[in-house]
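Worksheet: one structure, shown below.
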Amino acid sequence: MTGICEGRVVIVTGAGRGIGREHALEFARQGAKVVVNDLGTARDGGGRSGGPALAVAEKIEALGGHAVANCDDVADWDGAARLVKMAVSAYGRLDVLVNNAGFLRDRMLVSMTEHEWDEVIRVHLKGHFLPLRHAAAHWRERSKAGERVAARVINTSSGAGLLGSVGQGNYAAAKGGIATLTQVAAAELARYGVTVNAVAPAARTRMT
1 MTGICEGRVV
11 IVTGAGRGIG
21 REHALEFARQ
31 GAKVVVNDLG
41 TARDGGGRSG
51 GPALAVAEKI
61 EALGGHAVAN
71 CDDVADWDGA
81 ARLVKMAVSA
91 YGRLDVLVNN
101 AGFLRDRMLV
111 SMTEHEWDEV
121 IRVHLKGHFL
131 PLRHAAAHWR
141 ERSKAGERVA
151 ARVINTSSGA
161 GLLGSVGQGN
171 YAAAKGGIAT
181 LTQVAAAELA
191 RYGVTVNAVA
201 PAARTRMT
């Protein structure tokens, strides 16, 4: 499999299903080596299974690409660190981070619980920050060692984060935070050869 990402090493979080799965498959079609991260949770974030990540990695391998599955929690400091280390251990480097993992716990503000608020903010916003934090340290180290780094971060915001969405106060706040985090990261990491952008996709997936 060859293409515009030939030889690049890519992490995609939340890549077991939906948009993340399509990110992973297309990167592989374009020649990238992919670390497929997914906790394998239910739509509400409950449960855990390595099946979805493994299935996508196996599909990529069957198509002639290169992939490994990872089931670490991206909203956990050590889990996000292990994710980045897996990419470096498996393929010697990391070039692209696609932050995509997330889930919904929709509720009107007057009915939302503290747990529903905290969990969505944790998975979406903290789950973007931590992989970005550990990936950035990897790229800074390479840059300071004299290497010319050309790395990419693609974050996942949402129309809800840009315009608001009734019944999604937690999700919209997290996605708005991701948009702003993206701007800060772009300004801070440019010196190390890293570009940081965000997309705000709309798709009919299991989550929507």
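50 is the number that the UniProt record's numbering gives to position 50 of the sequence shown; each next residue is one higher, with no gaps. Where is the CB? At the ideal position from N, CA and C, for every residue including glycine. Predicted, not measured: the structure shown is a model, and the values here were computed from it.
| Check | Outcome |
| --- | --- |
| Here's the rule: buried if 16 or more other CB atoms are within 10 angstroms of the residue's CB, otherwise exposed. What is L104? | buried |
| Is R105 helix, strand or coil when you go by DSSP? | coil |
| When you compare each of H134, G193, A172, H124 to A145 by their alpha carbons, which one comes out closest? | G193 |
| Give the DSSP-derived three-state secondary structure of A137 in the structure shown. | helix |
| Can you tell me whether L109 is buried or exposed? The criterion is at least 16 other CB atoms within 10 Å of its CB, across all chains shown. | exposed |
| Per DSSP, what are the beta-bridge partners of K175 in this structure? | Answer by DSSP bridge pairing: none, since K175 is not bridged. |
| Measuring CA to CA, which of Y171, A185, V196, T195 is closest to V120? | Y171 |
| Determine the burial state of A137: buried for a count of at least 16 other Cβ atoms within 10 Å of its Cβ, exposed for fewer. | exposed |
| Might you give, ordered along the chain, the residues of its own chain that have their beta carbon closer than 6 Å to the beta carbon of V10, omitting 5 neighbours on each side? | F27, A32, V34, V96 |
| Please determine, among D72, A75, P131, the residue with the shortest C-alpha to C-alpha distance to V98. | P131 |
| In the DSSP output, which residue or residues are listed as bridge partners for T195? | R152 |
| If we ignore side chains and look at the alpha-carbon of each, how far apart do A15 and R142 end up? | 26 Å |
| Please confirm whether N100 and I19 have their CB atoms less than 8 Å apart. | yes |
| Would the segment 194 to 203 and the segment 158 to 171 be scored as touching if the rule is three or more Cβ pairs under 8 Å? | yes |
| Using the Cα positions of D106 and D73, report the straight-line distance between them to the nearest angstrom. | 21 Å |
| Which residues in the same chain as A75 place their Cβ atom closer than 6 Å to its Cβ, once the five residues preceding and following it in sequence are excluded? | R122, V123, K126, G127 |
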